[in-house]
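In full-length UniProt numbering, the protein residues as written are 1 to 294.
Even glycine gets a Cβ: it sits at the ideal position worked out from N, Cα and C.
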Amino acid sequence: MSSGGGGGEAEKGKEKKEEEEEEERNWAELPHDVLSVIFKKAGAVEILMNAQLVCRPWRNLSLDPSIWKTMTCPGDGNDVEGMTKEAVIGAKANWRTSNLRCLRLISAYGISDEGLCEAVGQLPQLEELDITFGSYSERVCEYVGKACPHLKCFHLNKQGNRYDQFESDEEALGIANNMPELRQLQLVGNKLTNKGLSEIVDRCIHLEHLDLRCCFRVNLDSDANLKAKCARIKELRLPYDSTHDYGFMAECEWDGYFDGEDDYYPSGYSDIELMYDDLFLDYSDISEDGYDIF
């Protein structure tokens, strides 16, 4: 009896081992559409750091542009700049790369000017770029404008501070001089002045949507001519307009005392998102509600 029982246990163990082996094989042999869903749920970090290294089919799938329609990287200390470059370069291995139209960088403090320029330099057809919070220099607008001549939508958002009297028009001039095709511009928390704004309005003649919320150095009431120019813009958000639909912390309440990085960097998440032309928005149909997430 005991030997029979032992044989039964051995048989069960063999069956269990075969089931485990079968399960392992099934992971590698899953249909393309099923694996695509799994990859999308896994996220960019998991794909770049682990999944693409498992086997050749998974590596090939990681180069599929459909996987990179949405790419999210949490701000957890990973090499965000390196992963951004790798994601863009990986996508370029596929013939659909020329259709890459939208790139979003949210709280991507790990990306330098050089990293951003290298990434957008490989995407000359880019039409939409969102940079919300980051550690870039004021020349980033000049770099981006020269690298992406077809840019139609540009977001360069920071935290505004009504107590800080510092002002700068370098970013505004970079936009005015290098982004003539803009239709939509969001500059929440920027330090531009009336002069910089005037340059943008004069040179970006196709501009239809302009968001100046928390741009506290702009004062249209002091310049009737500039106010009249801005009135021609289809959708205009003014410095003191409500930010309830913005989605991020638009204004820093810091009153002049700086106490390290925690007081400067906004809380929230780090997000890098790439979208292809099949998800690209039709600018003729843009409404305020359509940009709530930005």
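Open item on the list: Strictly by DSSP, which residues pair up with His209?
Closed with: Beta bridge pairing from DSSP links His209 with Gln184 and Glu235.
Task: Cβ neighbour criterion (16 or more within 10 Å) applied to Ala119 - done: The residue is buried, with at least 16 neighbouring Cβ atoms inside 10 Å.
- [ ] From the DSSP output, in three-state form, read off Asn157 for me.
- [x] DSSP, read as helix, strand or coil, puts Asn157 in strand.
Task: Start-to-end residues for the alpha helix (DSSP H) that takes in Ile131 - done: For Ile131, there is no enclosing alpha helix (DSSP H); the enclosing beta strand (DSSP E) covers residues Glu128 to Thr132.
Task: Opposing strand residues paired with Glu251 [DSSP bridges] - done: Looking at the DSSP assignment, Glu251 forms a beta bridge with Gly160.
- [ ] Please determine, among Leu61, Leu185 and Leu35, the residue with the shortest C-alpha to C-alpha distance to Lys152.
- [x] Checked all of Leu61, Leu185 and Leu35; the closest Cα to Lys152 is Leu185.
Open item on the list: Suppose the cutoff is 7 Å on Cβ atoms and the five residues either side in sequence are ignored; what does the same chain contact list for Ser2 look like?
Closed with: For Ser2, the predicted structure reports a pLDDT of 49, less than 50, and the residue's modelled location is therefore unreliable. A value from the coordinates is still provided. Short of 7 Å from the beta carbon of Ser2, and not among the five residues preceding or following it, lies no beta carbon of its own chain.
- [ ] Within the same chain, show all residues whose beta-carbon is closer than 8 Å to that of Asp169, passing over the 5 residues directly before and after it, in chain order.
- [x] Answer for Asp169: Leu192, Thr193, Lys195, Gly196 and Glu199, listed in chain order.
TODO: Would you kindly report the start and end of the unbroken alpha helix (DSSP H) that includes Lys195?
DONE: Residues Asn194 to Arg203.
Task: Beta-carbon proximity of Glu128 to Asn177, cut-off 9 Å - done: Going by C-beta atoms, Glu128 is not nearer than 9 Å to Asn177.
Open item on the list: Between which residues of its own chain and Gly145 is the CB-CB distance below 8 Å, once the five residues before and five after are set aside?
Closed with: Here the set comprises Leu151, Gly174, Ile175, Asn177, Asn178 and Met179.
Open item on the list: On the DSSP letters alone, give me the boundaries of the alpha helix (DSSP H) that Leu116 sits inside.
Closed with: If you look at Leu116, you'll find it in the alpha helix (DSSP H) that goes Asp113 to Val120.
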